[in-house]
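Undergrad: If you scroll down you'll find the structure; I have some questions about it.
Protein chains in written order, with the numbering used here: chain A, 1 to 594; chain B, 595 to 1287.
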């Protein structure tokens, strides 16, 4: 308990500390001002423009901006898809994946799997139906996946800038230039931060090499294959870009990805750093930093409450085991609680905090098996995702989601002060409400409908679509727990989180295509309407703020925002959750586990 | 004419009840997605009931449940229809009585149409409906004016009571700002020539009928946006409920027990979740808001204008008639040294005995109020009244050899000096002081003796300062417009507590000020009557034209005040705000209500699969059927319970946005969260007691 409180407190204070400097840096960067890295990196930026023929000062309308984003994502998809399928003919493949020399037990990259993975990385989801160490080459990891880790995160920041500019600009037809935002985010923000983070992680023992797997003979005399690879370089951006796709199947639970409590702390900090910084960038760009801090406060409260609940239920453990005499309370040298699926080097506190952070943001890296969380402990990551990952959230996408809820909150409650709702001087009218609802409905529909179909879909056993037969035959657990596994899979993909609850064998054409569909909806059907909101807001006048204007920076608004998020989220998903974690919890209380 | 009617007016109730059945027509109901979904659900449940009636041999408990659900779903639709019909009923009743006054009118058209003004006029009798804009007509005493227009010749008294409800006749004359006449009104005396300005069907009366009847009612921008929100929520809840059967099928198979929820139960859940409260009351709120404006005798050309009034940031108020009473009044007697105030008052009163101007009368009133000096019996023979003239700039009376005078300070001083008296410098200084504070000093003398000064000043209307400060609390700036010099303007602005003033204002200054405010992102409201106000009225976001004003002003503004009282602008702003607050409050309430319904229906729905979910039945409802029914009934009754609130508007308090939000959020948000728990619990208990479920 003390450890958890201390860890969370230190984490929060450090996060608070980096928010303003990083936020002002991004504000300067994306408004075209010079930063301290310009002397070093400006030549690189200009080189990119010269090479690609980008007009640095040409502004785009939101439609042009969106088309550029879509074109860029499509190109990224084609590259990632092709590299996976052609990896047998490409270099840096010491294990010979995709060739005749592939190791025994290697899983082949089928077109549907390659499709799923390509979509997954382009959409910043990093849902992994493959397992890194026995499916893909280092070349694929580095050029297909890591490159997308950078640019999908950079696209996310770019999209957030559109909505920020929508609030900051007045009567403007344009919202910035996608190519310029993308380049700046990559060159000045992600590359330098990832570089230092990779060095820091390597110092803790994260590996970085291109060697084949090491074969070791253990003391017991059995053979153990220890995979190798360029891990540190991918690990840093995986966290920083809230991508979450592990180099290894075990993700951040693997000692080569996340060896020490310190590396664990650094990884958690990397996840929230840019999303937290963006709240400050937002406040600065709209000319009132308190507006940004209000969003930060709402996010922080939801984060801390979620972490607390998750930790509480994990530390309380399973009552059935407690009845058998297992000590649930932590004691010196004894973590107590529910340690199933957790690494002993992290224990309950570090695992609970990590699980909260990775699902608050759309990261999806895991350092513990979410499938093994207690029912209500596991409810927290699920709810975090279903609320739209607005608690700091994905790089860029989190701020967009939070602003969506701010728009809804202002619209509903704003009327109660007797004026047409306005947020930061921009009137919230029909178009904004309509677009916000489209974004909200798209993701809710994706999560609910895909889960509903998978709940009842039947396939021929041994057929192409789903060899195990019924879609539910891929579940390894039954009862409400199995339902949670399904719901989690589609919540994770629809919200571009990418973490797996596990327990679901998702590498079949049916799941590969449906989760890919969910990821596409979660990325584009959710974010494009918000880009349109940005375009619409940018073209509006900015109204004067008077004492009759709804205040959007005080505790009252923070409470209202949280209330709106919880109410809309709870009302949409409460029935589904009651059939999953909630039913499982009460059944566990009654002595029935799954 | 647009008189108030009680909500419980029997005639209106009957009309609304019939209309709520007529509104069941799915074609018209489809415009309201939420209630339309309820109607579909009711139809489906009824169909299931009929199918069961046909296919089952005996009446079962399940059928009794279906019947009750169907009944209450139909009630839900009817209640929502009733709310709308009730809001429309008043307008319809008013429109009918207006239409009665619009009987066929015979017009006396001048055949030459003014081509040769000097030519002898030939008058032909035509039907008013054949008049076109530009025609000239003559109206003599007793004639009904055949259409809207401007008086181009003559002066007449006109009875406009059918429009304004005000029985005192008004004067209409050619030229100036009182030239507009309205079709349907009646000339009482004299004869006027009118140039018709509107084509048949487009007259003011036509527009008025259409407006009160709601025929032209279009959804306002905010209403459309809110409709988007509730339609979107409806879709989300449709998804949440439609995906439940597959979820339940999985769960049933996984647990090897239980039932998939039945269609009536699913429909019940859906109807309870979708925002039926606000969906059912939304249009009623809008219509009632327009109606409230009309009860203040203000005619808004669109609901949009009323809504915009709530958004206003800056109010431009004319000084005369809006901020101050029309005329200056005496407020103080200032005697010179050696003269008592009572004596000065006495002399001033005598000097003003014959003064019929409002200023003169105010001196008498002040003397009476301060010193109990009543008008005395003085025979006219003993008095010689000296009337005011622009030349002497004073008036008074000669009485028993005394020459009592009052008037402009310099004129009276001149009079005293000419008769050999002396003047105290202190008095002149005092006079200058009064002038610099925006007041008007009048000097009073008795022959050669200067007795003192009377301080006349503009009187700010009672209670205005308070209202201005309330508006300020709500973030509305009030700006005074006056032709006075800046010094005078500043003094009055200070006294009325205004935020700003525009002195020596020309119509162009007004227009520029409005543009400047709008460029800074503020919405502006103003009142005006003259033709030269028209551009500013058109430019302002809310333009309240006076009914006494010109046709041009009425066309330019988006509201007309039939009482021609510019202070109404304040009320219109308040009604606009109240309208928006009511909408927001009921939306919040409606959404917050859902939480309790989940706790009622979900455990009931899934009890056969997961009996352990009974833990969620925190209201301890008796059984699944009564729980679902209680939630549905609560959902229907809450609409009825809130109809009065929707029609009257929520209580409006003039405070800042922050405290308004805190209050309303607490009341409608938190209240909406909590209220259904005891409500549903009590209904469940009642159903048990009645053995209905």
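The beta-carbon is built from N, C-alpha and C at its ideal position, and this holds for glycine as well. All of these numbers come straight from a predicted model, not from anything done at the bench.
#1: Locate the beta strand (DSSP E) running through residue 701/B, then write down its first and last residues.
#2: Only counting runs of 3 or more residues, tell me where the beta strand (DSSP E) segments fall wholly within the segment 1003-1080 of chain B, in order along the chain.
#3: Taking the beta strand (DSSP E) that residue 909/B falls in, what are its first and last residues?
#4: Can you look up residue 423/A in the DSSP assignment and give me helix, strand or coil?
#5: From the DSSP output, in three-state form, read off residue 1347/B for me.
#6: Looking at the secondary structure, which residues open and close the beta strand (DSSP E) in which residue 1095/B lies?
#7: Among 816/B, 1217/B and 1001/B, which one has its Cα closest to the Cα of residue 904/B?
#8: Which of the three DSSP states, helix, strand or coil, is assigned to residue 864/B?
#9: For the alpha helix (DSSP H) holding residue 946/B, just list the boundary residues, first then last.
#10: What residues in its chain sit with their C-beta under 6 Å from that of residue 560/A, if we drop five residues either side in the sequence?
#11: Residue 551/A and residue 1251/B - do their beta-carbons sit closer together than 8 Å?
#12: Let's see if you can read the secondary structure: which residues bound the beta strand (DSSP E) around residue 790/B?
#13: Rounded to whole angstroms, what's the CA-CA distance from residue 595/B to residue 693/B? Just pull it up for me.
#14: Closer than 7 Å by C-beta to residue 122/A: which residues in its own chain qualify, once you throw out the five before and the five after it? Chain order, please.
#15: On the premise that residue 852/B lies in contact with residue 1202/B, defined as a C-beta separation below 8 Å, what is that separation, rounded to the nearest angstrom?
#16: If you count every other CB in all the chains shown that lies within 10 Å of the CB of residue 329/A, and 16 or more means buried, which is it?
#17: What residues of chain A sit near residue 1115/B, judged by a beta carbon separation below 9 Å?
#18: Is it true that the segment 988-1004 of chain B meets the segment 1029-1042 of chain B, where meeting means three or more beta-carbon pairs spaced less than 8 Å apart?
#19: Alpha carbon to alpha carbon, what distance is there between residue 135/A and residue 569/A?
#20: Determine the DSSP secondary structure at residue 360/A, reduced to helix, strand or coil.
#21: Bridge partners for residue 747/B per DSSP, in chain order?
#22: Do residue 357/A and residue 268/A have their C-beta atoms within less than 8 Å of each other?
#23: Who are the near neighbours of residue 936/B in its chain, counting only those whose CB is closer than 6 Å to its CB and skipping five residues on each side?
#24: When you compare the CB of residue 822/B with every CB in chain A, is at least one pair closer than 8 Å?
#25: Using beta carbons (cut-off 8 Å, strictly below), is residue 809/B in contact with chain A?
#26: Given this structure, state the Cα-to-Cα distance separating residue 662/B from residue 634/B, to the nearest angstrom.
#27: In three-state DSSP terms, what is residue 480/A?
#28: So residue 979/B is in the alpha helix (DSSP H); what residue range does that whole segment cover?
#29: Name the residue from 157/A, 455/A and 513/A whose alpha carbon lies nearest to the alpha carbon of residue 23/A.
#30: Between the C-alpha atoms of residue 1311/B and residue 606/B, what's the straight-line distance to the nearest angstrom?
#31: Please identify the residue among 218/A, 351/A, 141/A and 305/A whose C-alpha is closest to the C-alpha of residue 248/A.
#32: To be precise: take each residue of the segment 567-578 of chain A, compare its Cβ to all Cβ atoms of chain B, and keep it if any distance is under 9 Å. Which residues remain?
#33: Counting contacts by CB-CB distance shorter than 8 Å, is residue 430/A in contact with chain B?
#34: I'd like to know if residue 936/B contacts chain A, where contact means its C-beta is closer than 8 Å to some C-beta of that chain.
#35: Whole angstroms are fine: how far does the CA of residue 450/A sit from the CA of residue 457/A?
#36: Identify the continuous alpha helix (DSSP H) that holds residue 992/B and give its terminal residues.
TA: In short, the structure shows the following:
#1: 700-704
#2: 1034-1040, 1043-1054 and 1071-1075
#3: 908-912
#4: strand
#5: With chain B running from 595 to 1287 in the structure shown, residue 1347/B is simply not present.
#6: 1094-1096
#7: 816/B
#8: helix
#9: 935-946
#10: 409 and 413
#11: yes
#12: 786-790
#13: Residue placement at residue 595/B cannot be trusted, given a pLDDT of 41 that sits under 50; what the coordinates show is reported in the next sentence. Whole-angstrom Cα-Cα distance: 12 Å.
#14: 73, 76, 77, 80, 148 and 152
#15: 4 Å
#16: exposed
#17: 170, 425, 541, 542, 543, 544 and 545
#18: yes
#19: 37 Å
#20: helix
#21: 787/B
#22: yes
#23: 965
#24: yes
#25: Confidence at residue 809/B is low in this model, with a pLDDT of 48, below 50, so the placement of that residue is unreliable and no value is reported for it.
#26: 16 Å
#27: helix
#28: Residue 979/B -> not in any alpha helix (DSSP H); beta strand (DSSP E) instead, spanning 977-980.
#29: 157/A
#30: Here chain B covers residues 595 to 1287 and nothing more, so residue 1311/B does not appear.
#31: 141/A
#32: 567, 568, 570, 571, 572, 573, 574, 575, 576 and 578
#33: yes
#34: no
#35: 10 Å
#36: Taken as a continuous stretch (DSSP letters only), residue 992/B belongs to no alpha helix (DSSP H), being part of the beta strand (DSSP E) at 988-993.
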